[in-house]
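Only one structure is covered here, and it is reproduced in the block below.
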Amino acid sequence: MKVWIAATVYAALVEGAVTGTRSSSTQESQLSKPSSRGFTLQQIKNRNFSGPDGPMAFIRAHMKYAQKLPDSVSKAINVNVGLRMKFTTLHKGTDEEQTGTVSTYPTLGSDAEYAVMVGIGTPPQSIPLNLDTDSQVVNGQALYFPRLSSTSKPIDGDTWSIRYGDCSGASGIVYEDTVQIGNLSVYHQAVESAISVSRGMAKDTFVSGIIGLADHSANTISPVAKRTFFENVRDQLAMPVFTANLRSQAAGSYNFGYINDAEHTSRVHYTPIDRSNPLWKISMSGYRVGNEQHQFTMHAIVDTGTSLMLLPPEVVKEYYARVKGSFLHPDLGMMVFPCSTKVPDFWISIGSYNGRVPGQYVNYSRINYLYCFGGIQSSSGLPFSVLGDVFLKSQFVVFDYGNSSVGFANKKLGV
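Numbering (mature numbering (1 follows the signal peptide of the UniProt record, and there is no 0)), first residue to last: -16 to -1, 1 to 399.
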C-alpha cells in the first residue's frame, strides 16, 4: 500500500514525519557510523514553485499553534471569498485514505520552495523531506512504499495522530525502517505513515512529510513516544548539534555534528532554551527599529517550519509605524504596505546578540500590483512568538542539544 509519512508537530526544526525511535521489538535504533562524524544537507529547489502566499502562511502558522485565528482575520474571512477559500482548504476534515511520504520543503510563504532528500528503506527510496517546514505543494508527491523495502517492519500496536487547531491533520500506523540522511544511516527508525489525511494536507503534493529533529516528547506515537532521528544520531556525531544556514531566494544548508565557521561572520552567541518545552523556545530581551532600541521581553520558538516572524501586537504596531502607508488590511486582517515603500530593517535582541532582518526580507510577497504583505505579523492568540524563516534566513543558527541552547551569528547576506 502507498503510505503518507505524515507530520507530527515538533519543535523549531521539527515537525516529525520521520521520528526517531526505539521500536517495540527488542532491537534499538542502530546507526551506521560514517568515516567523518558529521554531514551536510543541501536544500533542493522546487522548480514549479509559484511564489509565496503571505495570507496562507499566516493562517497556517496560527492554526499550527492556536485553537483560533485573531479576530481581525476571522472577520476578514467572513467578507473575503478568496481568503475564505484558503482557510477552507486547510480546514476540511479527513478524506478517504490518502497516500504520501516524508518531505522537508519550506512552506507556502517565505521561499517555500526548498527541501532536502532523504533515503528511506532498503534499497533506499529517495524522498524530499521537510526539516520542519509546513509546505504547500506544487508538484507530484514522492511516495514511500514499505512493501518495496526489505527492512520495513510494522510496529504492532503503535499508532499516531496529529490535529491542528483548524481541525486539519493526519493519523496512521508506525513502521520501523532504515533512514539514510547524508552519510548516516539509522536502522529501526520509526517512520509514521498516514492512513487518514485531511484534504489540506493531502493536497500538498510537493511535500511528502517531515523529519524529526526535536525532543521526542513532542511526537504523538502511542502507547510510547519514539526517539527522533536526531536523538538517535547525536551521540555518534562529533558534536550534538545541527546548524541552519537558510538563504533568501536561494537553497540553504543544514550541517549535522559540526559548526562551519566559514558560514558566519561573527562569534556565535548562545541563549538557553526552555527545557520544559519540547520546542526550541528561547527568551528575547528587546528589539530595534531604526535607531530606537526597545527593552521588551518576549518568549519565542525558533521554527524553520514557519515562514513568517510572528511577534507581540505592540512590537508589530511599533514596527509598522515606521513603514510609510502600512495598514491592517480589512480584507485580510493582516499588515500590508505599498510595494513602492522602502521598508526599514528590524533588529531582535537575544541577550548580547542583535540579529538584523533586512527590510527586503520583511517585504514578503505581493498582494496585488499596489500592496505587499509584511513578513512581520502579529502573534496575537499564540502562546509565544515565532521566529520563522523571515528571521532565520538572515542569521546563522546553531541548535545545540548538548548544552540545551540555540546560538545565533551574523552572516553575509548580500543586502
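Note that beta-carbon positions come from the ideal geometry of N, C-alpha and C, so glycine has one too.
Three-way DSSP call (helix, strand, coil) for residue i in this model
{"i": "P138", "result": "strand"}
{"i": "L53", "result": "coil"}
{"i": "G22", "result": "coil"}
{"i": "N62", "result": "helix"}
{"i": "Q220", "result": "helix"}
{"i": "I360", "result": "strand"}
{"i": "G386", "result": "coil"}
{"i": "G38", "result": "helix"}
{"i": "residue 410", "result": "Residue 410 is absent from the structure shown; the chain starts at -16 and stops at 399."}
{"i": "A99", "result": "strand"}
{"i": "R231", "result": "strand"}
{"i": "I205", "result": "coil"}
C-alpha distance - residue i paired with residue j, whole-angstrom precision
{"i": "S169", "j": "V158", "result": "19 Å"}
{"i": "D150", "j": "M47", "result": "For D150, the predicted model reports a pLDDT of 47, less than 50, meaning its position is unreliable; a value from the coordinates is still stated below. Distance between the alpha carbons of D150 and M47 is about 6 Å."}
{"i": "F213", "j": "L292", "result": "26 Å"}
{"i": "R306", "j": "R44", "result": "27 Å"}
{"i": "G365", "j": "H283", "result": "14 Å"}
{"i": "Q11", "j": "D161", "result": "With a pLDDT of only 40 at Q11, under the threshold of 50, the placement of this residue in the model should not be trusted; the figure read from the coordinates follows. When rounded, the distance between both Cα atoms is 12 Å."}
{"i": "F129", "j": "D55", "result": "43 Å"}
{"i": "Y385", "j": "P314", "result": "43 Å"}
{"i": "I104", "j": "P112", "result": "10 Å"}
{"i": "D373", "j": "T288", "result": "6 Å"}
{"i": "G35", "j": "S349", "result": "8 Å"}
{"i": "T325", "j": "G38", "result": "18 Å"}
{"i": "V65", "j": "A228", "result": "38 Å"}
{"i": "Q369", "j": "P138", "result": "Sequence check: residue 369 is Ser here, not Gln. Whole-angstrom Cα-Cα distance: 38 Å."}
{"i": "G141", "j": "G156", "result": "11 Å"}
{"i": "S206", "j": "W144", "result": "6 Å"}
{"i": "T255", "j": "F280", "result": "16 Å"}
{"i": "T24", "j": "K59", "result": "45 Å"}
{"i": "A50", "j": "G343", "result": "28 Å"}
{"i": "K395", "j": "F330", "result": "16 Å"}
{"i": "A178", "j": "A154", "result": "6 Å"}
{"i": "V63", "j": "V57", "result": "10 Å"}
{"i": "R218", "j": "V225", "result": "7 Å"}
{"i": "V102", "j": "P262", "result": "24 Å"}
{"i": "G309", "j": "N216", "result": "50 Å"}
{"i": "H248", "j": "S134", "result": "42 Å"}
{"i": "S19", "j": "C323", "result": "Annotation note: pLDDT 41 at S19 (below 50); position unreliable, coordinate value reported separately. Going from the Cα of S19 to the Cα of C323 covers about 50 Å."}
{"i": "S110", "j": "G166", "result": "12 Å"}
{"i": "N275", "j": "V327", "result": "14 Å"}
{"i": "P297", "j": "Y242", "result": "37 Å"}
{"i": "F240", "j": "P367", "result": "30 Å"}
{"i": "P107", "j": "Q164", "result": "10 Å"}
Nearest-angstrom Cβ-Cβ length linking residue i and residue j, presumed shorter than 8 Å
{"i": "Y304", "j": "G358", "result": "7 Å"}
{"i": "L354", "j": "S378", "result": "At roughly 26 Å, the Cβ-Cβ gap does not stay under 8 Å, so L354 and S378 are not in contact."}
{"i": "M318", "j": "Q361", "result": "6 Å"}
{"i": "V286", "j": "V381", "result": "7 Å"}
{"i": "V100", "j": "Q220", "result": "Not confirmed; about 19 Å, so no contact."}
{"i": "F375", "j": "G339", "result": "7 Å"}
{"i": "I266", "j": "V390", "result": "6 Å"}
{"i": "V273", "j": "E302", "result": "6 Å"}
{"i": "F311", "j": "C356", "result": "With 8 Å as the limit, F311 and C356 do not qualify as a contact, their Cβ atoms being about 12 Å apart."}
{"i": "L67", "j": "L316", "result": "6 Å"}
{"i": "A41", "j": "S250", "result": "Wrong, their Cβ atoms sit about 29 Å apart, outside the cutoff."}
{"i": "H253", "j": "Y337", "result": "4 Å"}
{"i": "S333", "j": "S269", "result": "5 Å"}
{"i": "residue 410", "j": "A246", "result": "Here the chain comprises residues numbered -16 to 399, so residue 410 is not present and cannot be evaluated."}
Residues sharing a beta bridge with residue i, DSSP
{"i": "F380", "result": "A393"}
{"i": "Q109", "result": "I104"}
{"i": "L371", "result": "V286, M293"}
{"i": "E215", "result": "The partner list for E215 (beta bridge, DSSP) is empty, contrary to what the question assumes."}
{"i": "I165", "result": "L168"}
query: Quick one: complete beta strand (DSSP E) runs, 3+ long, within the stretch 236 to 269?
result: With a minimum length of 3 residues, the continuous beta strand (DSSP E) runs that stay inside the stretch 236 to 269 are 253 to 256.
- prompt: Along the chain, which unbroken stretches of the alpha helix (DSSP H) at least 4 residues long are found entirely within the stretch 273 to 358?
  reply: Counting whole runs of 4 or more residues, the stretch 273 to 358 contains the alpha helix (DSSP H) stretches 297 to 304, 343 to 346.
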